[in-house]
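Numbering (the numbering used here), first residue to last: 526 to 810.
To keep things clear, I will list the structure first and then write my remarks on it.
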Amino acid sequence: MTAVSELILTRTVADLRAQVVALRNAGRRIGFVPTMGALHEGHLALVAEARRRSDAVIASVFVNPTQFAAHEDLGTYPRQEARDAELLAGAGCSILFAPDAAEMYPQGFATSVQVGGPSEGLETDFRPHFFGGVAVVVAKLLNQVQADVAVFGEKDYQQLMVVRRMARDLDIPTEIVGAPTVRDDHGLALSSRNAYLSADELAVARRLNGILREAGERAKAGEPAAVVEAAAAEALIEAGFAKVDYVAIRRAEDLSAFSGAVDAPARILAAAWLGKTRLIDNLAA
Ligand code: PAF
Numbered sequence: 526m527t528a529v530s531e532l533i534l535t536r537t538v539a540d541l542r543a544q545v546v547a548l549r550n551a552g553r554r555i556g557f558v559p560t561m562g563a564l565h566e567g568h569l570a571l572v573a574e575a576r577r578r579s580d581a582v583i584a585s586v587f588v589n590p591t592q593f594a595a596h597e598d599l600g601t602y603p604r605q606e607a608r609d610a611e612l613l614a615g616a617g618c619s620i621l622f623a624p625d626a627a628e629m630y631p632q633g634f635a636t637s638v639q640v641g642g643p644s645e646g647l648e649t650d651f652r653p654h655f656f657g658g659v660a661v662v663v664a665k666l667l668n669q670v671q672a673d674v675a676v677f678g679e680k681d682y683q684q685l686m687v688v689r690r691m692a693r694d695l696d697i698p699t700e701i702v703g704a705p706t707v708r709d710d711h712g713l714a715l716s717s718r719n720a721y722l723s724a725d726e727l728a729v730a731r732r733l734n735g736i737l738r739e740a741g742e743r744a745k746a747g748e749p750a751a752v753v754e755a756a757a758a759e760a761l762i763e764a765g766f767a768k769v770d771y772v773a774i775r776r777a778e779d780l781s782a783f784s785g786a787v788d789a790p791a792r793i794l795a796a797a798w799l800g801k802t803r804l805i806d807n808l809a810a
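In structure tokens:
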């Protein structure tokens, strides 16, 4: 265990548990923010939200191998732990849990967590391994930290729904809270993967939010969901995206599809490619 200014850095579940016991004995309400590091303002907004809802915030930085497929960017995913620790200390986080893969998945690890319902379709159609990996690591982290409240970004809206359903179904007592997406001045959702974009790609990426916003307006005006989705996918290609995995308007509550016009609170979600970078975004519609 080491300390970066006020931040305590722990790398093992045993150390983390000792820290959690100390916080509990001191009567502190615990907030938790799980991350894969390469932190930006979006993550710090999650820490700020967790601070508002608790007395002590624990953040984790763990690039979780089980949520990456073999062809994805596990090897090149940005890792900058010292900078992350400084940012977390500055944001008022109390403890950073940064385990290695052997601590999280010791030899013989043999458990999977499959969440149905909100994990069906959308991301799963294109990254079938993804929510299994997220569910298992988040279940472990929630058990390890035993926080009162955990904060997840709405940027990964389907992930937020999956985690919420898993916590409910498995009787995990931590309250799961969603926090709004933080965007740059051009509306681009902050993401650790934005670092992969060239200047030209960045200019195209910044069109994504506006195209989704316009699609949301058309849906609100009563156009059928399927028509709006197709028009938005075409607009993304015209804007310069290389490929669109999906644009989908779904019920905000459970991500179920609309058969005609959008007649309930909705979310418009998209995933599209620029070169080798896959971007996702979503908005209330
Ligand atoms: O959203 C993320 O950064 C990750 O999917 C999470 C929730 C930390 C699990 O690895």
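Glycine included, C-beta positions come from ideal geometry on N, C-alpha and C.
All values reported here derive from a predicted model rather than from experimental measurement.
Less than 8 Å between the CB atoms is what I'm expecting for residue 760 and residue 736, so what's the real figure, rounded?
With a Cβ gap of about 5 Å, residue 760 and residue 736 count as contacting.
Can you tell me where the alpha helix (DSSP H) with residue 783 in it begins and where it stops?
Taken as a continuous stretch (DSSP letters only), residue 783 belongs to no alpha helix (DSSP H), as it is neither H nor E.
Any non-hydrogen atom of the ligand PAF within 7 Å of residue 561 CB
For residue 561, the distance from the CB to the nearest heavy atom of the ligand PAF is below 7 Å.
Rounded to the nearest angstrom, what separates residue 713 and residue 626 at their Cα positions?
Rounded to whole angstroms, the gap between the alpha carbons of residue 713 and residue 626 is 31 Å.
Would you say the beta carbon of residue 811 is closer than 7 Å to some non-hydrogen atom of the ligand PAF?
With the chain represented from 526 up to 810, any question about residue 811 goes unanswered, as that position is not in the structure.
Cα-Cα separation between residue 733 and residue 781, rounded to whole angstroms:
Near 23 Å, if we compare the C-alpha coordinates of residue 781 and residue 733.
Within 10 angstroms of the Cβ of residue 641, are there 16 or more other Cβ atoms? Answer buried if so, exposed if not.
Counting other Cβ atoms within 10 Å of its Cβ, residue 641 stays below 16 and is therefore classed as exposed.
Is any heavy atom of the ligand PAF found at a distance shorter than 7 Å from the C-beta of residue 669?
Not under cutoff, so the answer is no.
Start and end of the alpha helix (DSSP H) containing residue 656?
Counting along the chain, residue 656 sits inside the alpha helix (DSSP H) bounded by residues 655-670.
Which residue from 697, 728, 703 puts its Cα closest to that of residue 709?
Of the candidates 697, 728, 703, the one whose C-alpha sits nearest the C-alpha of residue 709 is 728.
Please tell me whether, using a cut-off of 7 Å, the distance from the CB of residue 661 to the nearest non-hydrogen atom of the ligand PAF is below it.
Outside the cutoff, so no.
Output the distance between the C-alpha atoms of residue 693 and residue 656, rounded to the nearest integer angstrom.
Note on geometry: alpha-carbon atoms of residue 693 and residue 656 lie some 16 Å from one another.
Between residue 720 and the rest of its own chain, which residues show a CB-CB distance below 8 Å, the 5 nearest in sequence each way excluded?
Cβ contact annotation for residue 720 (same chain, cutoff 8 Å, sequence separation greater than five): 563, 603, in chain order.
Cβ contact (3+ pairs, closer than 8 Å) linking the stretch 588-600 and the stretch 740-748:
Output reads no: the stretch 740-748 does not touch the stretch 588-600.
From residue 614 to residue 784, what distance separates their C-alpha atoms?
Whole-angstrom Cα-Cα distance: 48 Å.
Does the separation of the CB atoms of residue 605 and residue 662 fall below 8 Å?
Contact: no.
Heavy atom of the ligand PAF within 7 Å of residue 589 beta-carbon:
Yes, the beta carbon of residue 589 sits closer than 7 Å to at least one heavy atom of the ligand PAF.
Any heavy atom of the ligand PAF closer than 7 Å to the CB of residue 681?
Checking the 7 Å criterion, the Cβ of residue 681 is within range of a heavy atom belonging to the ligand PAF.
Three-pair Cβ contact test at 8 Å for the stretch 574-590 versus the stretch 665-683
Touching, yes, given that three or more Cβ pairs across the two stretches are closer than 8 Å.
Where DSSP assigns a beta bridge to residue 714, which residues make up the other side?
DSSP, once it has assigned bridges, lists 708 as partnering residue 714.
Where does residue 762 land, buried or exposed, given buried means 16+ other C-beta within 10 angstroms?
Residue environment analysis places residue 762 among the exposed positions, since fewer than 16 neighbouring C-beta atoms fall within 10 angstroms of its C-beta.
Work out the CA separation of residue 803 and residue 540 for me, nearest whole Å.
Cα to Cα, residue 540 sits roughly 36 Å from residue 803.
Hey, quick one: how far does the beta strand (DSSP E) through residue 773 stretch, first residue to last?
Note, residue 773: beta strand (DSSP E), 768-776.
Rounded to the nearest angstrom, how far is the Cβ of residue 809 from that of residue 771, given a contact under 8 Å?
The pair is not a contact, with the Cβ atoms about 18 Å apart (cut-off 8 Å).
Assuming the contact rule is C-beta atoms closer than 8 Å, residue 711 and residue 731 should be a hit. Round their C-beta distance to whole Å, please.
Right, their Cβ atoms sit about 4 Å apart.
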